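Participant:
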Amino acid sequence: MRSTTLGPDGPEVGVIGLGCMGMSFSYDQATPRDETTLISVVHQALDLGMTLLDTADVYGPFTNEELLGRALQGRRDQAVLATKVGALTRDARGNPVMGLDNLPEHIRRSIDESLARLGTEYVDLYYLHRTDPQVPIEESVGALAEAVAAGKARAIGLSEVSVEQIKRAQSVHPIMAVQSELSLWTRDWMTEVLPYCQEQDIAFVPYSPLGKGFLTGRFSSHDDLPEDDFRRGLARFQQEALSTNLAIAERVREIAERMGATPAQVALAWVLAQGEYVVPIPGTKTPRYLADNAGAADIELSAADLAELDALPVPTGGRYF
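Using our numbering, you'd call the opening residue of the sequence shown number 24 and step up by one each time.
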């Protein structure tokens, strides 16, 4: 796979990375996970040049970092490893639950815990997963910067932030990457955040670049989603909205058929076309889909193809609930 860097001074990575969340979290939770297969997917990703591996402490919680730690035994130097902090807190009994905690003391503790689960002395990229309005971002970024100074992280990033928040973070420490959702059916960040990142030479790392799987053409009905799949609760996957949104997936399929590619490859190629330091991280649990995603790096979209894809309508339904 051809490569790029996470900004002009960042590490070299394949132009497509691997989002690891779905291996342990959110999607189709009742289906048993075969760890041998999941580890083989991580190894195959590295073999294909998909070297940016993305996880977070909240995925599981903790189990996704532990899985990656086992997968990277003997291969840590081949990966550019990213994890996140801030979207996990503790309940009154001290149990981990989803929720915001951007306090510096939480970040200081969490980096050590993540490194232990990942079985490594450092991560290449440490993100603030979500911003907590109760904690000034400068304080949170200061704690991330401490991790860099201590050699526990090589660089820091932010996820789902505004331009104002990026600027405030930059006043404390350089930001290597911003991660947000970007795909043919989620383009919110293209108006301000992506242009600012490009102006500042900050890498932009799109998660869900396949529209949470919708753009692959796998879903034609709300009932196609497993009973325990969190997408069943998302606005765009409700039957009325989904029926309207199918027209978007159908246009992607038609373009892919014309090009001799798959819908996933066309959707990813469009994301790649959005900038030099744009590195999407599609997730998968299967070798087949992994190889399909990797093939997007070889797809060349013409100006006419891009114009046709750019003209696709905005999907019906909000991005989340």
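Every residue, glycine too, gets a C-beta built ideally from N, C-alpha and C. The model shown is predicted, which means the values in this text are computed figures rather than measured ones.
Within 10 angstroms of the Cβ of R259, are there 16 or more other Cβ atoms? Answer buried if so, exposed if not.
Facilitator: Buried: at least 16 other Cβ atoms inside 10 Å.
Participant: Taking contact to mean 3 or more Cβ pairs, one atom from each stretch, closer than 8 Å, check whether the stretch 188–207 and the stretch 132–139 are in contact.
Facilitator: The answer is no - the stretch 132–139 does not touch the stretch 188–207, with fewer than three Cβ pairs under 8 Å.
Participant: Opposite Y230 in the DSSP bridges: which residues?
Facilitator: Beta-bridge pairing links Y230 to E204.
Participant: Count the other CB atoms within 10 Å of the CB of D57; is the residue buried (16 or more) or exposed (fewer)?
Facilitator: Exposed is the call here.
Participant: Excluding sequence positions up to five away, which residues of its chain have a Cβ less than 8 Å from the Cβ of R113?
Facilitator: So the qualifying residues of the chain are P119, V120 and D124.
Participant: Which parts of the stretch 91–143 are runs of the alpha helix (DSSP H), unbroken and 4 residues or longer, counting only runs that do not cross its ends?
Facilitator: The stretch 91–143 contains these whole alpha helix (DSSP H) runs: 127–141.
Participant: Under a three-way DSSP split, which group does I179 fall into?
Facilitator: If DSSP states are grouped into helix, strand and coil, I179 belongs with the strands.
Participant: Measuring straight from C-alpha to C-alpha, what distance separates D333 and A173?
Facilitator: Whole-angstrom Cα-Cα distance: 44 Å.
Participant: Is the beta carbon of A226 less than 8 Å from the beta carbon of A264?
Facilitator: For A226 and A264, no; Cβs fall outside 8 Å.
Participant: Alpha carbon to alpha carbon, how far is V353 from C43?
Facilitator: An answer regarding residue 353 cannot be provided, because it is not within the stretch 24 to 344 covered by the chain.
Participant: Using a Cβ distance threshold of 8 Å, determine whether the stretch 281–298 contacts the stretch 219–237, with at least three qualifying pairs required.
Facilitator: Short answer: they touch.
Participant: Which first and last residues belong to the alpha helix (DSSP H) in which L332 is found?
Facilitator: Run containing L332: A326 to D333, per the alpha helix (DSSP H) assignment.
Participant: In terms of alpha-carbon separation, which member of P336, G122, M282 and A314 lies closest to A327?
Facilitator: Taking only the C-alpha atoms, the option nearest A327 is M282.
Participant: What does the Cβ neighbour count give for D211, buried or exposed, with the cut at 16 atoms within 10 Å?
Facilitator: So D211 ends up on the exposed side.
Participant: One question on the structure: do L233 and P305 come within less than 8 Å of each other, judged by their Cβ atoms?
Facilitator: Going by C-beta atoms, L233 is nearer than 8 Å to P305.
Participant: Hey, would you say Y149 sits closer than 8 Å to V108, going by beta carbons?
Facilitator: For Y149 and V108, yes; Cβs fall inside 8 Å.
Participant: How should D100 be labelled, buried or exposed, when 16 other C-beta atoms within 10 angstroms of its C-beta is the threshold for buried?
Facilitator: It is exposed - the Cβ of D100 has fewer than 16 other Cβ atoms within 10 Å.
Participant: With distances taken between CB atoms, is the gap from P229 to V294 smaller than 8 Å?
Facilitator: Taking 8 Å as the Cβ cut-off, P229 and V294 qualify as a contacting pair.
Participant: Quick check on this structure: which residue in S231, E169 and I179 has the alpha carbon closest to the alpha carbon of A403?
Facilitator: Since the displayed the chain opens at 24 and closes at 344, residue 403 lies outside it and no answer follows.
Participant: Can you tell me which of the three DSSP states D315 falls into?
Facilitator: In this structure, D315 counts as helix in the three-state DSSP scheme.
Participant: Check whether the Cβ atoms of L141 and L104 sit closer than 8 Å, and answer yes or no.
Facilitator: Going by C-beta atoms, L141 is nearer than 8 Å to L104.
Participant: When burial is assigned at 16 or more other CB atoms within 10 Å of the CB, is P31 buried or exposed?
Facilitator: P31 should be labelled exposed.
Participant: In the DSSP output, what is D77 paired with across the bridge?
Facilitator: In the DSSP output, where bridge partners are listed per residue, D77 has G42 and A105.
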